[in-house]
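Q: Numbering follows the numbering used here, in which position 17 of the sequence shown is assigned residue number 252; successive positions increment by one, without gaps.
For each residue, glycine too, the CB sits at the ideal point set by N, CA and C.
So that we are looking at the same thing, I have put the structure below in structure tokens.
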Amino acid sequence: MTQMAEWQLFRWAGFFGAAALALTAWVMIEGTPLPGDVRLTRAVQSRESFEGAANLVNGLGSWSWVPFVAAGAVLLLAGRLRRFRWTAGHRHREALYTFIAALGLRFVDQLLKAIVQAPRPVEEFGVRVDRLRDTHGFPSGHVYSDMLFFGTMAIFAGAYLPRRMVRPAQALLLGVILLAGPARVFAGAHWPSDVAGGYLWGAAALCLAAGYGRWAARVA
Numbered sequence: 236m237t238q239m240a241e242w243q244l245f246r247w248a249g250f251f252g253a254a255a256l257a258l259t260a261w262v263m264i265e266g267t268p269l270p271g272d273v274r275l276t277r278a279v280q281s282r283e284s285f286e287g288a289a290n291l292v293n294g295l296g297s298w299s300w301v302p303f304v305a306a307g308a309v310l311l312l313a314g315r316l317r318r319f320r321w322t323a324g325h326r327h328r329e330a331l332y333t334f335i336a337a338l339g340l341r342f343v344d345q346l347l348k349a350i351v352q353a354p355r356p357v358e359e360f361g362v363r364v365d366r367l368r369d370t371h372g373f374p375s376g377h378v379y380s381d382m383l384f385f386g387t388m389a390i391f392a393g394a395y396l397p398r399r400m401v402r403p404a405q406a407l408l409l410g411v412i413l414l415a416g417p418a419r420v421f422a423g424a425h426w427p428s429d430v431a432g433g434y435l436w437g438a439a440a441l442c443l444a445a446g447y448g449r450w451a452a453r454v455a
């Protein structure tokens, strides 16, 4: 993604956005669970060995804004001190603008939940639910925010971390993103279709934020 032109990032945002809209329309027409949701949920929840990792990832997802804001603060401070290797010019500005855009897109999932109003899993479908929630399910907010925040942090890890820590941090962030969906299903917080919506809308938002960051840095 770091090598893509801004128009390519916007094109990918459109692609993911179109796929997300199609899935959203399906959920609004058919309602959840969609075909296959119950079976996939039972399959994921049968993996008892996943419980520890799921609890950890779900906990991280609940506070994803904390490391994101911290990274943004370090990024801003690094720009003033010229501490890290990307803080000298265009690339640093691109990171700052992308972080700002990502913050602006944070609550898109809440708007979508209010529009779609899809119910969350309930035990009547033969799945395990860790606790009752009074919010709607589609798209998964945890997955959306993990994709947007941790994705942005992974792309620009070199802007706020020393060089030797960049690759390990990117691997960790990618791992959390990939496990976020299964973790939400394991907890019974979301149907797989909710999770798919979180990934698609999150990917669209991430590409849009990155494209804006690249454009804003170029014209600034």
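1) In whole angstroms, what is the alpha-carbon distance linking Leu338 and Ala255?
2) Starting from the Cα of Phe251, find the closest Cα among His425, Ala389, Leu347 and Gly432 and give me that residue.
3) Can you tell me which of Thr387, Val262 and Arg419 puts its alpha carbon nearest to the alpha carbon of Arg277?
4) Quick one: measure Cβ to Cβ for Gly361 and His425, integer angstroms, because I've assumed they're closer than 8 Å.
5) Find out if the Cβ-Cβ distance for the pair Gly249, Ala439 is shorter than 9 Å.
6) Does the count of Cβ pairs from the stretch 398–413 and the stretch 346–364 closer than 8 Å reach three?
7) Determine, using beta carbons only, whether Glu241 and Arg402 come nearer to each other than 9 Å.
8) Out of Tyr447, Asn290, Leu331 and Arg246, state which residue places its alpha-carbon closest to the alpha-carbon of Gly423.
9) Please look up how many angstroms separate the CB atoms of Ala415 and Val292, rounded, as I've assumed it's under 8 Å.
10) Can you give me the C-alpha to C-alpha distance between Leu331 and Leu346, rounded to a whole angstrom?
11) Report, in whole angstroms, the separation of the C-beta atoms of Gln405 and Ala389, which I expect to be a contact under 8 Å.
12) Could you check if Thr322 is buried or exposed, using at least 16 other CB atoms within 10 Å of its CB as the buried criterion?
13) By the DSSP assignment, the alpha helix (DSSP H) with Arg366 in it spans what residues?
14) Classify Ser281 as buried or exposed, calling it buried when 16 or more other Cβ atoms lie within 10 Å of its own Cβ.
15) Rounded to whole angstroms, what is the Cα-Cα separation between Pro417 and Gln352?
16) Please say whether Val430 and Pro374 have beta carbons closer to each other than 9 Å?
A: Reading off the structure:
1) 20 Å
2) Gly432
3) Arg419
4) Actually they are not in contact, since the Cβ atoms of Gly361 and His425 sit about 16 Å apart, beyond 8 Å.
5) yes
6) no
7) no
8) Asn290
9) 6 Å
10) 25 Å
11) 5 Å
12) Legend: pLDDT at Thr322 = 44, less than 50; position of this residue unreliable, no value from coordinates given.
13) Careful: Arg366 lies outside any alpha helix (DSSP H) and carries neither H nor E.
14) exposed
15) 22 Å
16) yes
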